[in-house]
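First the structure, in the form of structure tokens, and then the observations on it.
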Amino acid sequence: MEGIQVVKKKAIYLTQEGYDRMKEELENLRKRLMYDIAERIKEARELGDLSENSEYDEAKNEQGRIDSRIKQLEEILNNAEVIEDDGDMSTVKLGHIVELQNMENGEKSEYRIVNAQEANIFEGKISSDSPIGKGILTHKVDEVVRVKTPSGWAKYKILTIGK
Numbered sequence: 339m340e341g342i343q344v345v346k347k348k349a350i351y352l353t354q355e356g357y358d359r360m361k362e363e364l365e366n367l368r369k370r371l372m373y374d375i376a377e378r379i380k381e382a383r384e385l386g387d388l389s390e391n392s393e394y395d396e397a398k399n400e401q402g403r404i405d406s407r408i409k410q411l412e413e414i415l416n417n418a419e420v421i422e423d424d425g426d427m428s429t430v431k432l433g434h435i436v437e438l439q440n441m442e443n444g445e446k447s448e449y450r451i452v453n454a455q456e457a458n459i460f461e462g463k464i465s466s467d468s469p470i471g472k473g474i475l476t477h478k479v480d481e482v483v484r485v486k487t488p489s490g491w492a493k494y495k496i497l498t499i500g501k
């Protein structure tokens, strides 16, 4: 089959927790789409004229949003590789929890390094693609790293690396 190129998708590395959470979200969305939204659309149709039926429009829009998220989650999960814990805590890797100290103000913070799909700053999870995430990957305890953040350059000392 000359001339045909097979494009292999780039693996999306996820923690087991992130993979499980996305799989659960996908299952919940599928159920919701099949039952709740379908029922809302059915009820809205029964109200009559669809051209001026805001309930119908709203239900169809919600159906579209859910369908979009389902496709996004399927794409992520189909290309996901769950990172395995090799027990090596000598350098910062995806999945590790890292304690950092800001060298300018002495503030300490703890983050789990995750893929962009799992990132949630409110849960202390930062993306490996974020400025700090990129800056500390592959570095060791007691190293000071200089990171370009949106507010300028910052220096962080890696205090601990854990699971």
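Here the working numbering is used: position 68 in the sequence shown is 406, and no number is missing along the way. Note that CB positions come from ideal geometry on N, CA and C, so glycine has one too.
Rounded separation between Leu434 and His477 - CA only: Residue mapping note: residue 434 aligns to position 96 of the sequence shown, counting from 1. Residue mapping note: residue 477 aligns to position 139 of the sequence shown, counting from 1. A quick correction: the sequence has His, not Leu, at residue 434. For the pair His434 and His477, the Cα-to-Cα distance works out to about 12 Å.
From Val483, Gly356 and Ala492, residue whose alpha carbon lies closest to that of Asn443: In the sequence shown, the residue the question calls residue 443 occupies position 105. Ranking the options by Cα distance to Asn443, first place goes to Ala492.
Bridge partner(s) assigned by DSSP for Ile464: Residue 464 sits at position 126 when you count from the first residue of the sequence shown. DSSP lists Ile451 as partners of Ile464.
Euclidean distance between Cα positions of Leu352 and Leu385: The residue labelled residue 352 in the question sits at position 14 within the sequence shown. The residue labelled residue 385 in the question sits at position 47 within the sequence shown. Taking C-alpha positions only, Leu352 is separated from Leu385 by approximately 45 Å.
Alpha carbon of Gln354 to alpha carbon of Gln401, nearest angstrom: Here residue 354 refers to the residue found at position 16 of the sequence shown. Here residue 401 refers to the residue found at position 63 of the sequence shown. C-alpha separation (whole angstroms): 29 Å.
Runs of beta strand (DSSP E) wholly within the region 387-451 (minimum 3 residues, chain order): Counting whole runs of 3 or more residues, the region 387-451 contains the beta strand (DSSP E) stretches 418-420 and 435-440.
Neighbourhood of Ile408 by C-beta distance below 6 Å, restricted to the same chain and skipping five residues each side: Numbered from its first residue, the sequence shown carries residue 408 at position 70. The residues are Leu367.
Paired residues, beta bridge with Arg484 - DSSP: For the purposes of this step, residue 484 is identified with residue 146 of the sequence shown, where counting begins at 1. Assignment of beta-bridge partners to Arg484 by DSSP yields Lys493.
Per-residue DSSP class, three states only, for Leu475: Numbered from its first residue, the sequence shown carries residue 475 at position 137. DSSP places Leu475 outside both helix and strand once states are collapsed to three, so it counts as coil.
DSSP beta-bridge partners of Thr498: By 1-based counting over the sequence shown, the position of residue 498 is 160. According to DSSP, Thr498 bridges with Glu437.
Residue of Ile404, Lys347, Gly473 and Gly490 minimising C-alpha distance to Val436: Here residue 436 is taken as the residue at index 98 of the sequence shown, counted from 1. Considering only alpha carbons, the answer is Gly473.
Asn458 - partner residues in DSSP beta bridges: Here residue 458 corresponds to residue number 120 of the sequence shown, with the count starting at 1. Answer by DSSP bridge pairing, in chain order: Lys463.
Leu385, DSSP secondary structure in three states: Position 47 of the sequence shown holds residue 385. DSSP places Leu385 in coil when its eight states are reduced to three.
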